Ligand SMILES: Cc1cc2nc3c(=O)[nH]c(=O)nc-3n(C[C@H](O)[C@H](O)[C@H](O)COP(=O)(O)OP(=O)(O)OC[C@H]3O[C@@H](n4cnc5c(N)ncnc54)[C@H](O)[C@@H]3O)c2cc1C
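Quick look at the structure:
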């Protein structure tokens, strides 16, 4: 084993070898993979090897497409067969809702370049004769699905990497990791020590243990997973290989294995494996079978595919593999641990391993993953993702693997975990709660006597009229909204102003004022959108997206000077309430001594003031687009503040409002939001944030790329549409058509109650951004006429928020 390497990858499962291969491809040849046993000695060896392109996150779906296309390349380079069988795949719907879901998946596939086809039951049965037609309502066909040989794939990656100069060391366990002061690592193994500039944790089933070597507790849990192989099935003799098949209602997947079928299930009562510690002596082992546990799925399977029921069971496999709470991988660098990377929690290694390796290698070599990997970024989890939380969410996610997640559906596991001091007050107001970063927040309020329970649906739900009433309260009088779930940072120190001027694209506001600003990476792409509230010359209260707190901190840490600037995340220290609507000023003025007139405290002002006895920071800004104030207080004052506002608001017709109403109002104002409209694949001009980029500033990160983007007449533009929707609004990811072809995708959508219009935001090519007509948005299989709006659907001049 060599004594020094540019990068050491720990773990020779399908993910580790993919990272190794992609590092060599990206130009790092002095790289070493250390595997404690033989390659594939974790989850990889007993995988069913299935691969597919569909994923709930379109960006992850793109990386899955990449993975599947990669097998030819690594076979060609290495000479090692990957055992690729591209059989095509069939997804069977057993209900109308599932068929709707398939139509939506097909629609999304259109702008991802996927060739998906909706089939009738008869058409499906023609190409998959094992199915019993009466149980199904329709199907979707995907020509690019199939399976691979896990051993072949892993060895092909490894050989291709070795041919490019990488070294693979087997039968050597990494036992310790120690950081040097220069950010490089001493990697201790059973057979000596290696000095590495970078370390990658691709430990799969042992990723938690490898993480603990550096004091990191990764939100990962392994679940037991069973599949069985049937005996030979006479109908398959002499037939071409059967398609891959997912039966959503049966919650099972199928594929042919020799003369029989392989059938697996994600059972509802899934069982975790090694909840706290993975034993090091577990290797190419299997777990005891427990057919009882999957009996309900098997019964349905045998009913839906009768030939399987009579073929007998030849073999049962029960093996563990790991999941993050949302089922997507965890990749990227770890804050505070220089040059330490993770590539773990990959639950579909044969669909995702290539994309994970590609993105991570680019990230390590170029400083940027080269793709939008927010859905896989390890930074999407904060300290709230404890092992207990992870355990509850992973079980839930596993049990729901083949269930529909409706756009308005809130999941129940691990709740309530985090609550703000007014949680019981909001409960008493009949709030329907949602969860965000494990924090409870009100979505909408049911009137007295009405259950605060939303029907889950692709269409407008029972909450629709109640959300409408909340929106009208804001537009006509005043609404009270909790805004605690925003991300917050306090930035100070003698160099704070200068630092923010360099890190943010807009100029700093004057002391006592607010400025909105994008944050750009070196390539001029959006990596944040913030509200900067300037409290002093070198003191700024920064508001952004809470889910991206670690993501932002990673960038801040990269850019922070050794001394002179302190950035302190303080999301939970300060909680917030917002009052918005034409009577908001009257309301707040009764509680403060400061002059709130439009002259004394205009739009985008920020000031410390006492509200009654409560010390607060108040900003004259509102995401509703109405006259409004955001009020920030230490959490121990929140109840007092809430009670004060509620009492004073009574005479003014104030009512509590929730996140659904806020979303409806920001849509009719065409306001974008992080992770929907604003993502690291878009520049600020494409995203309509150009007015917040101050190119007059001498320099800031991403300036030259932004200046270039400003002059461009190609690329994409974020635009708003009014949609001739029926009973369902766009919710995100729907294709946008123009003159009969797909030209873009919706980023978010909903109903604007004041504008009385179904609204959708989305990106389309620049050359179409001046057209108003000829657009359609495909909602649940129906193309709805859409008119591009030149201005926001509500208060286009923005007079209300400024008055
Ligand atoms: C029954 C079953 C069926 C499955 N079916 C499919 C399927 O059809 N399609 C699909 O895409 N996925 C499937 N999977 C999931 C798939 O197996 C995983 O996504 C994939 O194997 C994860 O690979 P990995 O490299 O992250 O982890 P692992 O395969 O667990 O690899 C980790 C490696 O790291 C090594 N290691 C750990 N710690 C150290 C250390 N300290 N020092 C040195 N080496 C170390 C281990 O020995 C191991 O070889 C299935 C899984 C199971 C259990």
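Residue numbers (the working numbering): 1210 to 2012. Just so you know, even glycine gets a beta-carbon here, dropped at the ideal spot from N, CA and C. Remember, predicted model here, so these are calculated numbers, not experimental data.
State the Cα-Cα distance for the pair residue 1469 and residue 1441, rounded to the nearest angstrom. 4 Å
With hydrogens ignored, establish whether the beta-carbon of residue 1283 is closer than 6 Å to any heavy atom of ligand 1. no
Restricting to Cα atoms, I'd like to know which of 1965, 1771, 1910, 1293 is closest to residue 1934. 1965
Residue 1312 burial status per 10 Å Cβ neighbour count (16 or more: buried): buried
Cα-Cα separation, residue 1844 to residue 1819: 15 Å
Would you mind working out which of 1771, 1749, 1921 sits nearest residue 1718, comparing C-alpha positions? 1749
Look up residue 1919 in the DSSP assignment and give the residues it is bridged to. Paired residue(s): none; residue 1919 is not in a bridge.
Bridge partners of residue 1865, per DSSP? As DSSP reads the structure, residue 1865 sits in a beta bridge with 1689.
Report the residue from 1247, 1439, 1335 whose alpha carbon sits nearest the alpha carbon of residue 1491. Of the candidates 1247, 1439, 1335, the one whose C-alpha sits nearest the C-alpha of residue 1491 is 1247.
Any heavy atom of ligand 1 inside 6 Å of the beta-carbon of residue 1523? no
By the 10 Å Cβ neighbour count, where 16 or more other Cβ atoms means buried, how is residue 1920 classified, buried or exposed? exposed
With residue 1503 as the anchor, note down where its alpha helix (DSSP H) starts and where it stops. 1500–1513
Cβ-heavy atom distance between residue 1708 and ligand 1 below 6 Å? no
Outcome for residue 1447 when other beta-carbon atoms lying within 10 angstroms are tallied against a minimum of 16: Answer is exposed; the Cβ neighbour count stays below 16.
Should residue 1506 be counted as a contact of ligand 1 given a C-beta to heavy atom distance under 6 Å? no
Sequence ranges, beta strand (DSSP E) only - wholly within the segment 1536–1580, length at least 3: 1539–1543, 1546–1553
Excluding five sequence neighbours on each side, which residues of the same chain lie with their C-beta closer than 6 Å to the C-beta of residue 1969? Sequence-distant Cβ neighbours of residue 1969 in its own chain, meaning closer than 6 Å and more than five residues away, are 1930, 1932, 1939, 1955, 1958, 1986.
Let me know the secondary structure DSSP gives residue 1300 once reduced to three states. strand
Here's a check: name, in chain order, each residue in its chain whose Cβ is nearer than 7 Å to the Cβ of residue 1270, leaving out the five neighbours to either side. 1262, 1263, 1264, 1321
beta-carbon residue 1276 near ligand 1 non-hydrogen atom, thresh 6 Å: For ligand 1, not one heavy atom lies less than 6 Å from the Cβ of residue 1276.
If you compare alpha carbons, which of 1216, 1290, 1770 is closest to residue 1707? 1770
Residue 1213 and residue 1570: beta carbons closer than 7 Å? Here residue 1213 is not near residue 1570, since their CB atoms are 7 Å or more apart.
Using a 10 Å radius around the Cβ and a threshold of 16 neighbouring Cβ atoms, would you call residue 1519 buried or exposed? Label assigned to residue 1519: exposed.
What first and last residue would you give for the beta strand (DSSP E) that runs through residue 1219? 1213–1219
Runs of alpha helix (DSSP H) wholly within the segment 1392–1431 (minimum 4 residues, chain order): 1416–1421
Quick check: does the Cβ of residue 1245 come within less than 6 Å of any heavy atom belonging to ligand 1? yes
Can residue 1556 be considered in contact with ligand 3, in the sense that its beta carbon sits closer than 6 Å to one or more heavy atoms? Annotation note on ligand 3: not contained in the displayed structure, which lists ligand 1 as its ligands.
Hey, which unbroken runs of the alpha helix (DSSP H) at 4 residues or more fall wholly within the segment 1353–1384? 1359–1372
Which two residues bound the contiguous alpha helix (DSSP H) that contains residue 1268? 1267–1287 is the extent of the alpha helix (DSSP H) around residue 1268.
Same chain only: Cβ atoms within 6 Å of residue 1463, ignoring 5 sequence neighbours per side: 1454, 1470, 1472
Hey, which unbroken runs of the beta strand (DSSP E) at 3 residues or more fall wholly within the segment 1942–1979? Entirely contained in the segment 1942–1979, the beta strand (DSSP E) runs reaching 3 residues are, in chain order, 1944–1947, 1950–1961, 1966–1974.
contact_flag[the segment 1982–1996, the segment 1903–1912] where n(CB pairs < 8 Å) is 3 or more: no
Decide if the segment 1766–1785 is in contact with the segment 1696–1706; the criterion is three or more beta carbon pairs, one per stretch, under 8 Å apart. yes
Considering only residues of the same chain and omitting the five flanking positions on each side of residue 1745, which have a CB-CB separation below 7 Å? 1720
Is the beta carbon of residue 1977 closer than 7 Å to that of residue 1947? yes
Our contact map puts residue 1722 next to residue 1915 with C-beta atoms below 8 Å; I'd like the distance itself, whole angstroms only. Contact doesn't hold; Cβ gap of about 23 Å is too wide.
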